[in-house]
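Asks: Have a look at this one before I ask anything.
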Amino acid sequence: MKVVTRIITLAIGVCLILSLSACGKTQTKSKNSTEQAQTAVSDALVVYFSATGTTKGAAEKIAAIINADLYEIVPAEPYSEEDLNYNDDESRTSIEMNDPKARPEIGGKAISLEEYSVVYLGYPIWHGDAPRIMSTFVENHDFNGITVIPFCTSGGSGLGESGSHLAKQAGSGSWLAGERFGGSVTEKELQSWIDGLQR
Ligand SMILES: Cc1cc2nc3c(=O)[nH]c(=O)nc-3n(C[C@H](O)[C@H](O)[C@H](O)COP(=O)(O)O)c2cc1C
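Here my numbering is used: the sequence shown runs in plain steps of one and ends on residue 199.
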């Protein structure tokens with residue numbers, strides 16, 4: 001009788017361990033899955049920096065499509081037209097982009113990423129890379145457990161290594177390859193890109 005009881009107890013124990021480990025696996029998988037993040041739309045945040053409104057337009061469209069929250073990275077010191085002159089080697093943006101260590105300060109209200117499992121990260125391409133203020137943002141936030149999807153707008157340059165640079169600077173998060181869009185990107189094009197992320 002004692003032996004039978006021991007066997008039953010052992011069997012129940014094994015079943016419990018197996019079901020718990022299966023449960024753990026599912027949770028890990030779904031946390032890193034873009035699909036899960038897309039369906040649980042309230043978990044998504046679109047973060048963007050935009051100096052002249054182009055990236056802002058794309059960010060707003062993405063947020064509307066996936067019903068995500070929207071957060072704008074606002075520079076403590078706004079960029080003037082002079083600052084944005086990329087033909088002038090002495091302009092503020094040229095100086096910042098020539099200095100990999102430049103970290104322009106962020107103004108406006110702060111945001112915590114704690115409640116999000118997916119973050120779209122948008123910016124214009126400056127001198128072939130992400131503006132240094134994006135580095136300020138990623139270095140000051142914890143992306144652990146978050147799927148990060150970079151996107152950019154530009155006059156023609158691709159995303160290049162901007163996404164991988166930011167991923168390295170962030171040091172956490174599961175970063176996707178990301179995408180570049182032109183200024184006239186439509187909601188339909190963005191929808192099809194987002195749908196593609198789930199495949
Ligand atoms: C300082 C500066 C540098 C730029 N460098 C590039 C570049 O290297 N390649 C490119 O295709 N466009 C470049 N552009 C153009 C912007 O990427 C493009 O206009 C972008 O869509 C602007 O986005 P925004 O309106 O959200 O700021 C640059 C613009 C500025 C102001």
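Built from N, CA and C at the ideal position, the CB exists for glycine as well.
1. Just verifying my parser: in three-state terms, what is the DSSP assignment at Ser80?
2. If I'm right that Ala59 touches Gly122 with Cβ under 8 Å, what's the distance once you round it to whole angstroms?
3. So, with DSSP's three-state summary, where would you put Ile65?
4. What does the alpha-carbon distance come out to for the pair Ala110 and Thr153?
5. State buried or exposed for Ala68, treating a residue as buried only when at least 16 other CB atoms are found within 10 Å of its CB.
6. Less than 8 Å between the CB atoms is what I'm expecting for Ile73 and Val47, so what's the real figure, rounded?
7. I need the boundaries of the alpha helix (DSSP H) containing Glu187, first residue and last residue.
8. Val74 by DSSP, collapsed to three states: which one?
Replies: Per the coordinate set shown:
1. Within the sequence shown, residue 80 is the residue found at index 80, counting from 1. The answer is coil: DSSP assigns Ser80 none of H, G, I, E or B.
2. Start at 1 with the first residue of the sequence shown, and residue 59 comes out as number 59. Start at 1 with the first residue of the sequence shown, and residue 122 comes out as number 122. At roughly 5 Å, the Cβ-Cβ gap stays under 8 Å, so Ala59 and Gly122 are in contact.
3. The residue given as residue 65 occupies position 65 in the sequence shown. Residue state, collapsed to three classes: helix.
4. Counted from its first residue, the sequence shown places residue 110 at position 110. Counted from its first residue, the sequence shown places residue 153 at position 153. Rounded to whole angstroms, Ala110 to Thr153 spans 24 Å at the Cα level.
5. Indexing the sequence shown from 1 puts residue 68 at position 68. With 16 or more Cβ atoms within 10 Å of its Cβ, Ala68 is classed as buried.
6. Within the sequence shown, numbered from 1, the residue matching residue 73 stands at position 73. Within the sequence shown, numbered from 1, the residue matching residue 47 stands at position 47. Ile73 to Val47, Cβ: 7 Å. Contact.
7. On the sequence shown, position 187 is the one that residue 187 refers to. For Glu187, the enclosing alpha helix (DSSP H) stretches over residues 187-197.
8. Against the sequence shown, residue 74 aligns to sequence position 74. Here Val74 sits in coil by DSSP.
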